[in-house]
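Visitor: Position 35 of the sequence shown, counted from 1, bears residue number 35 in UniProt numbering, the numbering being contiguous throughout.
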Amino acid sequence: GVERGAKNQFSTFSSFITTINQKKEGIGNRNSPTQLVIPNIKNVRDLPPICLDVRQKQRISIDTLPQELKAPIPPEPSLPIRTKTVKDFQDDVEKAKSSGDWKAVHDFYSTTFDSFLEINAAFKKVTNSPFNTIEDSGIDAKFVNVVYDALLNTPQDVQKSVLKGIINGLLQEWKGPRTKDDLRAYCILLQNPQFSNTSTYVIYAHLLRQIAALTEADHHFLVHWSKKIPQKRFKQLVDRLLQFISLRLFPAKPEEFPPMVKCSWWIPSATKVLALFNAANSLISPPIISYTDFYNSTLDHIDLMEEYHNWQCCGNSHRFSFCQYPFIISIAAKKLIIQRDSEQQMISIARQSLVDKVSRRQKPDMNMLFLNVKVRRTHLVSDSLDELARKRADLKKKLKVTFVGEAGLDMGGLTKEWFLLLIRQIFHPDYGMFTYHKDSHCHWFSSFKCDNYSEFRLVGALMGLAVYNSITLDIRFPPCCYKKLLSPPIVPCDHNTLIGICDVTLEDLFQIMPELAHGLSELLSYEGNVEEDFYSTFQVVFQEEFGVIKSYNLKPNGDKIPVTNQNRKEYVQLYVDFLLNKSIYKQFAAFYYGFHSVCASYALLLLRPEEVEILVCGSPELDMSALQRSTQYEGYQKTDLTIRYFWDVVLGFSLDLQKKLLHFATGSDRVPVGGMADLNFKISKSETSTNWLPVAHTCFNQLCLPPYKNKKELKQKLIIGISNAEGFGLE
């Protein structure tokens with residue numbers, strides 16, 4: 001009954017909006033302040049962008065504005081005095097439930113939501129205090145929550161009165177800039193749970209449009225106020241916006257909404273408001289909710305490549321694209337964009353090679369279409385380095401690997417093993433390129449100076465080739481590494497520009513050297529006299545590899561500047577910056593250029609550092625039950641005794657043996673972005689003697705399993721097979 005009555009009301013509201021707009025067009029009053037409330041927007045060009053296009057050289061954080069904006073603050077109108085408290089309201093609701101007389105509750109709701117002034121009168125902590133700071137919205141959050149929690153359990157006429165009041169507020173004619181009371185009203189209205197119902201979407205859309213059209217200074221306040229919302233309610237707001245976008249893209253009942261051509265601004269407005277919550281989320285450490293909670297998996301089903309190309313071609317126009325707001329695109333969708341972009345680059349490079357051959361009247365060769373790497377197992381690193389250096393122009397072709405003296409044909413399996421063995425050798429402590437930190441279980445760049453940093457470039461190129469060829473690597477870099485790798489995400493044209501330098505914090509150091517970070521944290525919290533008790537200066541002494549000890553001044557004449565209670569924060573920040581940026585600059589710069597020599601693409605602008613890590617390394621979390629559910633069979637049925645034995649054995653394996661099985665069958669022990677289902681794992685029946693071990697075709701993620709007679713024999717043969725699985729050969 002509520003939904004039916006509401007729908008009629010919203011249909012009337014929609015037609016009323018149209019009438020208002022038509023009248024304004026007839027008068028020709030396009031520049032009136034009223035246009036801010038309900039503009040006649042035919043496309044998103046009239047909506048100012050909330051966040052700048054991510055293709056710009058530097059992403060501007062919403063937090064870069066000064067805390068107190070210098071724009072003149074319009075005077076707040078006097079608010080009516082409302083004295084109802086949370087307890088008074090709760091008492092009214094309880095009386096209404098017991099007596100059935102909802103008049104007092106109805107009067108409260110209809111009065112409170114009748115205008116922005118009334119909303120502030122009811123929910124402002126102190127009625128006539130300005131609350132013009134970003135730190136305190138002045139909203140009585142507890143009262144707002146109680147009122148909204150009770151709303152959906154009230155009769156239909158009460159709920160309709162709230163919606164009518166919101167319509168009145170949205171139709172108000174605005175003169176001049178918005179006041180902080182207006183922003184408070186928007187902040188409160190966004191939390192209305194009625195907007196989860198599709199029948200309210202016309203009103204919700206106009207609310208979102210007005211918020212999206214606010215000035216950057218107003219958005220600044222809304223962002224900082226939003227970060228104070230409790231996690232549960234913050235998540236509800238985000239989910240409501242994501243649902244709104246999804247249902248507008250793929251409506252269950254298209255007749256519920258106006259035609260898409262008449263409301264093309266719905267999705268841009270909602271996405272821009274969602275960007276405010278994403279900005280608020282990023283201001284908190286740890287964030288209020290996970291960045292993955294902003295993903296909208298519905299977008300996986302639209303033509304994302306068209307979105308990507310539109311964004312590339314029209315990046316500086318006001319044409320809306322989801323790629324302008326990459327936080328909403330899931331990692332699976334981003335992986336698809338990167339793969340397609342890589343494939344197109346591969347085809348383009350291969351085509352150009354073919355054209356060059358023909359133009360020189362040379363006979364085309366199929367090998368020219370690939371990046372062919374030939375290496376000896378005994379000289380793996382040096383051969384790989386030489387091959388990639390010689391064939392730098394071919395790095396964007398499809399990769400094919402050949403191990404000299406072996407008959408394996410690379411349909412993907414040899415490539416996987418090449419990556420695995422090379423990474424294992426390069427990251428070995430004896431090799432000296434990287435230091436393994438046992439406390440954090442990760443590798444970091446060695447600060448030892450060397451004459452040639454080409455091997456660091458090789459590691460970067462390997463990571464780039466892995467992403468480019470959709471291979472997951474077993475690399476244990478800290479999150480800070482991927483943040484540096486995207487600093488900046490596009491290689492600057494000016495070679496004098498610093499690259500791989502990012503803002504680092506003590507938290508970043510904790511992820512690499514927790515013991516040292518803990519010591520610096522203790523220094524910051526020390527309550528005694530730092531200068532007398534620690535007797536430290538702005539000079540640090542550190543030991544490089546192979547026993548070489550050096551000192552470094554964190555600032556000019558640092559050895560003569562004592563660390564005191566007043567400057568210890570500066571000392572810690574400079575020390576962290578030295579360890580994670582300056583001391584390894586040349587090593588990381590070579591690594592950065594190696595990665596981007598393969599992966600240079602605007603698609604990188606869509607990625608967060610955490611997402612780059614997932615693309616490079618996959619996920620280490622194994623879910624063998626999920627693998628069992630998605631496995632395909634050839635020659636077997638999933639109910640066959642051998643298959644039942646197999647899964648009983650595998651599910652009982654230790655994590656180490658499960659990883660060995662995955663590596664044996666697929667060439668990698670990591671799970672791809674899409675989870676186990678993306679492996680397309682297949683078990684085929686091997687028509688051989690049960691004395692034989694299992695065989696794997698890693699190119700196709702296929703395990704060939706003889707029909708072993710019992711579980712003990714299957715387990716024994718399987719463990720032998722997966723534990724001795726290095727090398728390729730053809731019989």
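The beta-carbon is built from N, C-alpha and C at its ideal position, and this holds for glycine as well.
1. Indicate the three-state DSSP secondary structure (helix, strand or coil) for Q702 in the structure shown.
2. Starting from the N-terminal side, write out each stretch of the alpha helix (DSSP H) that is 4 residues or longer and does not extend beyond the stretch 261-342.
3. Go through the stretch 414-490 residue by residue and report every complete run of the beta strand (DSSP E) that reaches 3 residues or more, in order.
4. Which residues in the same chain as S115 place their Cβ atom closer than 8 Å to its Cβ, once the five residues preceding and following it in sequence are excluded?
5. Compute the Euclidean distance between the alpha carbons of A104 and I284, then round it to the nearest angstrom.
6. Name the DSSP bridge partner or partners of P562?
7. With a threshold of 6 Å on Cβ separation, who are the neighbours of G413 within its own chain once the five nearest residues in sequence on each side are excluded?
8. Less than 8 Å between the CB atoms is what I'm expecting for H443 and F427, so what's the real figure, rounded?
9. Could you give the first and the last residue of the continuous alpha helix (DSSP H) run that contains Q231?
10. Determine the burial state of residue 740: buried for a count of at least 16 other Cβ atoms within 10 Å of its Cβ, exposed for fewer.
11. If you count every other CB in all the chains shown that lies within 10 Å of the CB of N153, and 16 or more means buried, which is it?
12. Could you tell me which residues DSSP pairs with F131 in its beta bridges?
13. Would DSSP call Q172 helix, strand or coil?
14. Could you tell me the distance, in whole angstroms, from the CA atom of V649 to the CA atom of K715?
15. Determine whether the beta carbon atoms of L486 and L607 lie at a separation below 8 Å.
16. At which residue ranges does the stretch 145-212 contain complete alpha helix (DSSP H) runs of 4 or more residues, listed in the order of the chain?
17. According to DSSP, simplified to helix, strand and coil, what is S137?
18. If you drop the 5 nearest sequence neighbours on each side, which residues of the same chain put their C-beta closer than 7 Å to that of S572?
19. Considering Cα atoms alone, identify which of L395, T378, L388 and S384 is closest to G405.
20. For the beta strand (DSSP E) holding V695, just list the boundary residues, first then last.
21. Should W225 and S137 be called a contact, given that it needs their Cβ atoms to be closer than 8 Å?
22. Output yes or no for whether 8 Å exceeds the beta carbon distance between L241 and L274.
23. Beta-carbon within less than 8 Å of residue 741's beta-carbon, same chain only, minus the 5 sequence neighbours each way: which residues are those?
24. Ordered along the chain, which non-local residues of its own chain (more than five positions away) have a Cβ less than 7 Å from that of R361?
25. One question on the structure: do T690 and K709 come within less than 8 Å of each other, judged by their Cβ atoms?
26. Which of helix, strand or coil does DSSP assign to I501?
27. Check this for me: beta carbons of F434 and S447, under 8 Å apart or not?
28. Quick check: the stretch 672-679 against the stretch 327-337, are at least 3 beta-carbon pairs closer than 8 Å?
29. Per DSSP, K124 is paired with what?
30. Do the stretch 464-475 and the stretch 600-620 touch if we need at least three Cβ pairs shorter than 8 Å?
31. According to the Cβ coordinates, are V459 and L580 closer than 8 Å?
32. What number of angstroms, rounded off, separates the C-alpha of Q566 from the C-alpha of P514?
33. So what does DSSP say about T83, is it helix, strand or coil?
34. Determine the extent of the alpha helix (DSSP H) in which Q637 is found, giving its start and end residues.
35. Is I720 buried or exposed, if buried means 16 or more other CB atoms sit within 10 Å of its CB?
36. Within 10 angstroms of the Cβ of S199, are there 16 or more other Cβ atoms? Answer buried if so, exposed if not.
Guide: This is what the structure gives:
1. In the structure shown, Q702 adopts extended strand secondary structure according to DSSP, grouped into three states.
2. For the stretch 261-342, whole alpha helix (DSSP H) runs of length 4 or above, ordered along the chain, are 266-282 and 304-313.
3. Fully contained in the stretch 414-490 are the following beta strand (DSSP E) runs of length 3 or more, in chain order: 434-437 and 442-445.
4. Excluding sequence neighbours, S115 sits near G165, N168, G169 and Q172.
5. In this structure, the alpha-carbon of A104 lies about 40 Å from that of I284.
6. For P562, which the question treats as bridged, DSSP gives the partners T537.
7. Same-chain partners within the cutoff: G667, T698 and C699.
8. Their Cβ separation, rounded to whole angstroms, is 6 Å, which keeps H443 and F427 in contact under 8 Å.
9. Start and end: Q231 to L249.
10. Not covered by the structure: residue 740. The range shown for the chain is 1 to 731.
11. Under a 10 Å Cβ-count criterion, N153 is classified as exposed, with fewer than 16 other Cβ atoms of the shown protein chains found around its own Cβ.
12. Per DSSP, none; premise fails for F131.
13. Coil at Q172, not helix or strand.
14. If you draw a straight line from the Cα of V649 to the Cα of K715, it comes to about 6 Å.
15. The Cβ-Cβ distance between L486 and L607 falls below 8 Å.
16. Taking only runs of at least 4 residues, the alpha helix (DSSP H) segments lying wholly in the stretch 145-212 are 156-170, 180-189 and 201-212.
17. Coil.
18. A small correction: the amino acid at residue 572 is Val; Ser does not occupy that position in the sequence shown. Contacts found: L506, L520, L523 and L524.
19. Residue T378 is the option with its Cα nearest to G405.
20. V695 -> beta strand (DSSP E) spans V695 to H697.
21. Yes, the pair counts as a contact, with Cβ atoms nearer than the cut-off.
22. Result yes, Cβ atoms of L241 and L274 sit closer than 8 Å.
23. Since the first residue of the chain shown is 1 and the last is 731, residue 741 is not available in this structure.
24. Around R361, the same chain offers no residue with a beta carbon nearer than 7 Å, after the five sequence neighbours per side are excluded.
25. Yes; because the gap between Cβ atoms is below 8 Å, this pair is in contact.
26. It is coil, neither helix nor strand.
27. No, they are not a contact pair.
28. Output reads yes: the stretch 672-679 touches the stretch 327-337.
29. The partner list for K124 (beta bridge, DSSP) reads I139.
30. Yes: the two stretches touch, three or more of their Cβ pairs being nearer than 8 Å.
31. No, the Cβ-Cβ distance between V459 and L580 is not below 8 Å.
32. Rounded to the nearest angstrom, the two C-alpha atoms are 24 Å apart.
33. Reduced to three states, the DSSP call for T83 is coil.
34. Where Q637 is concerned, there is no enclosing alpha helix (DSSP H), given that its DSSP letter is neither H nor E.
35. The C-beta of I720 has fewer than 16 other C-beta atoms within 10 Å across all chains shown, which makes the residue exposed.
36. Buried is the call here.
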